[in-house]
Structure formats: C-alpha cells, structure tokens
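In the order they appear, the protein sequences are chains A and B. Each step along the first sequence adds one to the number in the numbering used here, with nothing skipped, and position 55 is 55. Each step along the second sequence adds one to the number in the numbering used here, with nothing skipped, and position 5 is 5. Note sheet for the following structure.
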Amino acid sequence: QLQLQESGPGLVKPSETLSLTCSVSGGSISNSNYYWGWIRQPPGKGLEWIGSIYYSGSTYYNPSLKSRVTISVDTSKNQFSLTLSSVTAADTAVYYCARRGRYGSHWYFDLWGRGTLVTVSS
Amino acid sequence: DIQMTQSPSSLSASVGDRVTITCRASQGISSSLAWFQQKPGKAPKSLIYAASSLHSGVPSKFSGSGSGTDFTLTISSLQPEDFATYYCQQYYIYPLTFGGGTKVEIK
C-alpha cells in the first residue's frame with residue numbers, strides 16, 4: 001500500500017523559506033502513471049493547489065505562488081520536496097502532499113498524505 | 001484561472017436524507033472533475049473522478065454527474081460518517097482549482 005508522509009519544520013519565521021519533503025513508501029515515485037503535488041489549506045479555509053512535478057522533473061506551479069515556489073524530485077530517495085520563499089503569516093497552513101494518478105485520460109488526486117501544519121511566526 | 005463555485009456552502013440534513021451538492025465551473029471543463037470528502041483534522045479523501053466515476057473503495061451511495069460547467073455530487077442516504085466537508089476540483093487545465101467547499105452538518 002503506497003503511502004505519502006510529509007516532513008519538515010512546523011514553525012518558520014517571516015521572510016524565511018519554508019521547506020517540506022514528502023516521502024513515498026510502498027511504491028516507486030518514478031512510475032509514469034503519476035504526478036506528485038502539494039496542496040495547502042489555511043486554518044478554517046479551503047484547499048489551494050501549490051504545484052505538481054513529474055518524476056522526470058517537469059513542474060507546474062500555481063501562478064499565484066510561482067515566484068516563490070520550487071518543487072523538486074529525488075528519485076534515488078523516492079521523495080519530492082517543496083520550498084516556499086519569503087513566507088508571511090498568510091502562508092500558515094496545513095500542507096499536504098498528494099499523488100495524481102492516471103485513470104484513462106483522467107489525472108486526479110487519488111492519494112493524500114496526512115498533512116503537516118506549518119505556522120509562520122516570529 | 002477556472003473558478004469553481006460550490007453551492008450551498010453549508011447544509012443541514014438528517015440521517016437517511018438524500019443530499020445534493022452543486023459545483024459550477026467558470027468555463028467548460030468537459031468531465032475533468034473530482035470530488036473529495038474531508039473530515040475535521042483529516043486529509044481529504046477521493047470520492048469521484050471523471051465527474052461520475054467512483055474512486056476505488058468508495059460506497060455506491062455516492063454518485064456524481066455533469067459535464068461542461070455544471071456538476072453535482074449526490075449522497076443517496078446520508079449516514080453519520082458522511083457528515084463532513086465536500087470539495088470539487090477541476091483538473092482540465094492548470095492551475096488546478098478547488099471549489100470553496102460544502103459543509104454537511106447534522107440537523
């Protein structure tokens with residue numbers, strides 16, 4: 001059973017860089033039927049897609065965050081990572097990693113990590 | 001960006017009720033729509049993809065319909081474990097976008 005697990009600091013200071021890693025267990029991140037992505041959810045609010053990456057390294061970012069976001073993949077460690085620079089309190093959220101699986105011509109988020117709360121505060 | 005609008009934003013219903021949630025896209029997205037269920041403090045769970053296909057292991061009391069711009073999620077007979085927030089999401093084009101959510105509460 002494939003599982004995703006987010007890890008990283010739970011507290012980041014304003015203006016600094018948020019860094020999270022998603023470890024994939026029970027399966028290969030290099031499977032061509034999957035994209036890997038990050039989604040966040042501010043406390044009490046809805047879901048926001050941050051970006052996605054393919055095992056080859058191709059990336060897609062939300063334009064609203066693109067100038068501050070980098071998503072990378074390390075196939076040797078079977079994990080992918082998120083960095084978000086120049087954070088503010090508005091970046092406080094639960095951050096989820098998720099898999100987009102291919103089902104015919106449809107690619108949708110079929111598996112989610114448990115999420116990790118990141119608080120931006122001095 | 002494609003805006004996804006859900007209605008209602010919340011509803012109260014009783015066990016056994018049939019519940020319908022609507023999701024409207026600001027432009028046509030064919031059938032590239034998924035639905036998720038989220039309970040407090042938990043990650044979202046996949047329910048439906050391709051507007052009407054059930055994700056593996058999801059009970060048949062959940063159903064989805066629609067194409068183009070208008071979509072619905074129906075729960076045929078609401079059970080206690082179904083009280084949660086439901087989100088739609090389009091994957092037709094980047095950026096991927098979610099609806100604002102519909103909270104289903106106990107009447």
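Backbone N, C-alpha and C define an ideal beta-carbon position, used for all residues, glycine too.
| Query | Result |
| --- | --- |
| Along chain B, which residues have their Cβ under 7 Å away from the Cβ of Asp91(A)? | Within 7 Å Cβ-Cβ: nothing; Asp91(A) doesn't reach chain B, min ~17 Å. |
| If contacts are defined as beta-carbon pairs under 8 Å, then Gln68(B) and Gly100(B) qualify, I think. What distance do you get, rounded to the angstrom? | Residue identity check: residue 68(B) is Gly in the sequence provided, not Gln. At roughly 20 Å, the Cβ-Cβ gap does not stay under 8 Å, so Gly68(B) and Gly100(B) are not in contact. |
| Please determine if the segment 2-11 of chain B and the segment 92-112 of chain A are in contact, where contact requires at least 3 C-beta pairs separated by less than 8 Å. | no |
| The beta strand (DSSP E) with Gly101(A) in it runs from where to where? | Ala93 to Tyr103 |
| Below 8 Å between beta carbons is the criterion; list the residues of the segment 91-105 of chain B that meet it against any residue of chain A, in chain order. | Tyr91, Tyr94, Pro95, Leu96, Thr97, Phe98, Gly99, Gly100 and Gly101 |
| Pull the bridge partners of Gly37(A) from the DSSP assignment, please. | Ser52(A) and Ala98(A) |
| Consider the Cβ of Tyr34(A): report whether some Cβ of chain B lies at a distance smaller than 7 Å. | no |
| So which residues of chain A does Ala34(B) contact, with C-beta pairs closer than 8 Å? | Tyr108 and Phe109 |
| Run through chain B and tell me which residues come within less than 7 Å of Pro63(A), C-beta to C-beta. | Pro95 |
| Distance check for Arg24(B) and Gln90(B), CA to CA, integer angstroms please. | 10 Å |
| On a CA-only basis, which of Val24(A), Ser72(A), Gln5(A) and Trp38(A) is nearest Tyr108(A)? Give me that one, please. | Trp38(A) |
| Have a look at the DSSP bridge pairing and note the partners of Ser25(A). | Gln3(A) |
| Taking DSSP as the reference, what is the three-state secondary structure of Ala34(B)? | strand |
| Could you tell me the distance, in whole angstroms, from the CA atom of Arg68(A) to the CA atom of Gly113(A)? | 23 Å |
| Which residue from Gly26(A), Cys22(A), Pro9(A) and Leu18(A) puts its Cα closest to that of Leu2(A)? | Gly26(A) |
| With a threshold of 7 Å between beta-carbons, can Leu20(A) be considered close to chain B, or not? | no |
| Tell me whether Thr105(B) sits in a helix, a strand or coil according to DSSP, three-state version. | In the sequence as presented, Thr is not what sits at residue 105(B); that position holds Glu. If DSSP states are grouped into helix, strand and coil, Glu105(B) belongs with the strands. |
| Answer with buried or exposed for Ile106(B), where buried requires no fewer than 16 other C-beta atoms within 10 angstroms of its C-beta. | exposed |
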